[in-house]
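One structure is given below, encoded as structure tokens.
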């Protein structure tokens, strides 16, 4: 009977040790689960932040694209205006050249008249 009692006592002690080991493992697993839950929450927050930043960057990129298109169309318009102004200046230049030719011819004619008037008259 003592052998049975000793065996039961040993079984009980072993069971208590097993229970303690299992309780320790359970605590470790619960701690690991808590850590994983915290990590998961942090990852979700980081993912949310990245999504917001991505949305903001996409908005900024769209804004920059619209500015680029606006700048290009404004530059095209300005170039057309400059081309028109250059053509106007070319026309004015041709007109001025024509007027200069007419004025030179007139000056030459007046010089000729003056030289005829200044020549001594035969007596």
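Numbering (the numbering used here), first residue to last: 4 to 126.
The beta carbon of each residue, even a glycine, is placed where N, CA and C say it ideally should be.
Taking 7 Å as the cut-off, does the CB of residue i come closer than this to any heavy atom belonging to the ligand COA?
i, result
"residue 46", "Absence of the ligand COA from the depicted structure is noted, as is the absence of any ligand whatsoever, leaving it without description."
Problem - Ranges of the beta strand (DSSP E) found wholly within the stretch 14–38, counting only runs of at least 3 - result: The DSSP assignment places no complete run of the beta strand (DSSP E) inside the stretch 14–38 (cut-off: 3 residues).
Exercise for the section: At 3 residues or longer, and completely inside the stretch 57–100: list those beta strand (DSSP E) runs for me, N to C. Expected result: Qualifying beta strand (DSSP E) stretches: none in this window.
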